[in-house]
Amino acid sequence: MPKYLVIVESPAKAKTINKFLGKNYTVIASNGHVRDLPKSTMGIDLEHNFEPKYITIRGKGEVLAALRKEVKKADKVYLATDPDREGEAISWHLYYALKLENKKCSRITFNEITKNAVKESLKHAREIDMDLVDAQQARRVLDRIVGYKISPLLWAKIKRGLSAGRVQSVALRLICDREEEISAFIPEEYWSLDAFLNVKGSKKPLEAKFAGDKDGKIEIKNEEQLNKILAELEGAEFHVDSVKTGERIKKAPLPFTTSTMQQDASSKLNFPTAKTMRIAQQLYEGVDIKGKGTVGLITYLRTDSTRISEEADKNAREFISETYGSDFVGNGQVSKKDGKNVQDAHEAIRPTYIENTPASLKEQLSRDQFRLYQLIWNRFMASRMSAAKYETTSVKIDANGYRFNASASKIVFDGFLTVYNIDNEKSKGNVILKSIDTSTELKLKEFDHKQHFTQPPAHYTEATLVRTLEEQGIGRPSTYAPTISTIIARRYVVKEKKNLYMTELGEAVNTMMKKAFPSIVDVHFTATMEALLDMVEEGKVHWKSVVENFYPDLKEAVEAAEKELEQVTIEDEVTDVVCDQCGRNMVVKYGPYGKFLACPGFPDCRNTKPHFEKIGVPCPLCGKEVVLKKTKKGRKYYGCEDNPECEFMSWQKPSTVKCERCGKYMVEKGKKLVCSDEHCGYVCDLPKEEEVTKNKE
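Quick note on my numbering: the sequence shown kicks off at 0 and runs consecutively.
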């Protein structure tokens, strides 16, 4: 009988597939890429049509030797790497590394590692898709050129070991821009006013919220306005103006794409994106299940499509009908092809076998595997289920020409919430609204009013950054996790309680990138580049044409930046801090965590100290100097030099100007000064001399 060799990326995947095929099949893993561009040099011939120079990856010699041995035994080779650009490129590299030109060789792909899918893929074996390979080559070459041309400039200007990249530099800019928005945000005061009304026959008062008057909505901006409204409401009679009842529908969610899976796993399970992808890969490649062997539990994890196969859709609806009842089965196919960036090459992420419920597998999976699988299974099931239905009641109340609203909603049919109520939705509002009509007597019990201030935009989390990258068309499902991991590993960004914050190092890199390479960090430029890569994949544009059009502008920007750097003598900043070991004046250096003080006598003297930059502002608590400090993770803040004796600390830069309203210290917010006491809310313009200094900074 003929012998067949199937090559996949990972041993886990090989183990899962091996049990589906007969004895005349051998399944072996390449352990990922076997060839790549060299690390020590550019590896791209810039003078001769950007031809890449691929070499065997260090440490892969033994793997290739084992693969060649198996190739010699086989009558035919199947390349079964992942069904995306990266997987296609791995197959192409294997084809040349194993010298398969004179061997019967085919490419097979499957979206899920199940017996049917693998067997079916063998019936539809094909040639390697060079459009997919070229799209991956274009991305790799562009990223290599950007990294190897720009990184040396970062080394010269800031410190060695830094890196730049097409997608990571844009992600860094997004975070930096958000930090600037937050820093410049001026809170605006507003007030809420609630009326608690006694209703005949009810022990619990009805809570109604102030809405406005007969002419429309009114926002209460300050206490004076509030007092005026309260004065006009004194002694007013409250009566029901109208009661409306209705039904609200909440549609079932779409099944997971890579992006939405990462977002939900981040917000609901507190998983970093890299962890989500690592665990999803394990679930896709196969997990040992008692009595069944190694089973691939989910479909391919890198996708931006919400499409589901007819067979999976049918199986899910049958399962829902049998388990929950026919009323819970959704109507029609739930999917969305969302604009030009959606490739739709694969299905959405779903369980491979719907009967593998999370409860049935709990003992077979690790805690993290179980939690992610449960999230995926529940989301897919919910996507095939009917909408949740709410009964709503809305009451409008009049009092001396002013309007108050009261509302309630009651879940009357759970629908998909039966399996996917991750926000813990419940019936809301006072049940008494059901018995109220226009003749109901209302009597004021009391008013409740509170002062509020508008909040700045939220810091990015991994989930919201992924959503923004996807919405802007930057990167692809496979790039989100490594992009975020890179900027955190480089210490450009730190993560604290889910939030991402810029470090001093990240600010320095972003400032230089915006100045010297504005197109690289331009969101629209990067999104356009992604669209061009998609056109390469579709066979509409040659990959080298994309590189040819991109490179001249990059080369010009690099040369201009190099000339500018040549005119700047980059010397260590000498401080007045004396080294207590050798007596020299210490200098400012950049390290992994930002600036620090080092003795210029290195290596004879290795003394270092933290660098605290004085900002020329006396401490509001003790009068000593305020200095710029960093948290252990590198986030900037302002504190007293006499810490820990003095506990003063502020995330915003304090000013010497005192608040005219309450006398407390003020902080800088863009070109404004804001009182540090959030209950005061006083705002004024930044003094001209401080604005000049700020612009210089």
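For glycine and all other residues, C-beta sits at the position ideal for the given N, C-alpha and C.
Short Cβ contact (8 Å threshold) for residue i with residue j
i, j, result
"Ser654", "Glu667", "yes"
"Leu66", "Ile6", "yes"
"Leu173", "Thr467", "yes"
"Leu443", "Ala194", "yes"
"Arg378", "Gly329", "no"
"Leu441", "Val198", "yes"
"Leu627", "Pro609", "no"
"Glu178", "Met501", "yes"
"Glu503", "Lys635", "yes"
"Pro278", "Gln373", "It is Ile, not Pro, that sits at residue 278 in the sequence shown. Taking 8 Å as the Cβ cut-off, Ile278 and Gln373 do not qualify as a contacting pair."
"Asp130", "Glu537", "yes"
"Leu121", "Ala73", "no"
"Thr392", "Lys433", "yes"
"Ser304", "Ala347", "yes"
"Lys671", "Ile185", "yes"
"Leu141", "Arg165", "yes"
"Ala163", "Ile144", "no"
"Leu36", "Arg138", "no"
Run of the alpha helix (DSSP H) containing residue i, from where it starts to where it stops
i, result
"His523", "522-536"
"Leu97", "Careful: Leu97 lies outside any alpha helix (DSSP H) and carries neither H nor E."
"Tyr147", "129-156"
"Asn197", "Looking at the DSSP string, Asn197 is not in any alpha helix (DSSP H); the run it does join, the beta strand (DSSP E), is 188-198."
"Glu222", "222-232"
"Glu119", "114-122"
"Ser675", "From DSSP, Ser675 is part of no alpha helix (DSSP H); its letter is neither H nor E."
"Ser359", "357-360"
Nonlocal neighbours in the same chain, by C-beta distance under 6 Å from residue i, ignoring five residues either side
i, result
"Tyr681", "Cys658, Arg660, Cys674"
"Phe19", "Lys114, Val117"
"Ala11", "Glu284, Gly285"
"Ala381", "Ala251, Pro252, Phe415, Val418, Tyr419"
"Ala457", "none"
"Phe327", "Ile319, Met384, Ser385"
"Ile714", "The requested residue 714 is not part of the displayed model; the chain covers only 0 to 696."
"Ser168", "Met512, Ile519, Val520"
"Leu620", "Cys645, Phe647"
"Met41", "Tyr147"
"Ala79", "Val5, Val7, Ile107"
"Ala480", "Thr272, Ala273, Met276"
Range of the contiguous beta strand (DSSP E) that encloses residue i
i, result
"Glu667", "664-668"
"Met501", "498-501"
"Asp176", "Not the beta strand (DSSP E): Asp176 falls in the alpha helix (DSSP H), residues 165-183."
"Ser9", "Element bounds for Ser9: n/a, residue is neither H nor E."
"Ile614", "612-617"
"Leu63", "Taken as a continuous stretch (DSSP letters only), Leu63 belongs to no beta strand (DSSP E), being part of the alpha helix (DSSP H) at 60-72."
"Pro609", "607-609"
"Pro653", "653-657"
"Ala79", "Run containing Ala79: none; DSSP gives neither H nor E here."
"Ala774", "Because the chain here runs from 0 to 696, residue 774 falls outside it and cannot be looked at."
"Ser241", "237-249"
"Asp575", "572-577"
Nearest-angstrom beta carbon gap, residue j and residue i [assumed within contact, 8 Å]
i, j, result
"Ile614", "Ala170", "Not confirmed; about 29 Å, so no contact."
"Ala134", "Arg106", "So it is not a contact: roughly 15 Å between Cβ atoms."
"Trp154", "His448", "Actually they do not touch by this definition, with Cβ atoms about 58 Å apart."
"Ser29", "Leu99", "Actually they are not in contact, since the Cβ atoms of Ser29 and Leu99 sit about 13 Å apart, beyond 8 Å."
"Arg370", "Leu268", "5 Å"
Sequence-distant residues of its chain with Cβ nearer than 8 Å to residue i (five each side left out)
i, result
"Ser265", "Pro271, Thr272, Thr275, Thr460, Glu461, Ala462, Val465, Lys497"
"Lys594", "Glu503, Val587, Lys588, His610, Glu612"
"Glu702", "Here the chain comprises residues numbered 0 to 696, so residue 702 is not present and cannot be evaluated."
Neighbourhood of residue i by C-beta, 7 Å cutoff - its chain only, sequence neighbours within 5 removed
i, result
"Lys14", "Gly285, Thr293"
"Ala387", "Lys249, Ile410, Phe412, Asp413, Gly414, Phe415, Leu416"
"Ser477", "Asp83, Glu85, Arg301"
"Met0", "Asn23"
"Ile431", "Val198, Ser201, Lys203, Leu205"
"Asp509", "A small fix is needed here, since residue 509 is Asn in this sequence, not Asp. Cβ within range, chain order: Leu171, Arg172, Cys175."
"Arg316", "Val328, Arg383"
"Ile353", "Asn314, Ala315, Phe318"
"Trp650", "Tyr636"
"Asp703", "Residue 703 falls outside the range modelled here, since the chain spans only 0 to 696, and no answer is possible."
Practice problem: Output the residue ranges of the alpha helix (DSSP H) runs that lie fully inside the stretch 265-321 and measure 4 residues or longer, sorted by chain position. | Solution: 272-284
At what residue ranges does the stretch 432-483 contain a whole run of the beta strand (DSSP E), taking only runs of 3 or more? Those beta strand (DSSP E) runs which fall completely within the stretch 432-483 and span 3+ residues are 441-452.
- If you scan the stretch 363-420 from start to end, which runs of the beta strand (DSSP E) of 3 or more residues do you find wholly inside it? Fully enclosed beta strand (DSSP E) runs of 3 or longer: 387-398, 401-412.
_Continuous beta strand (DSSP E) assignments of at least 3 residues falling wholly in the stretch 6-42_ = 24-28
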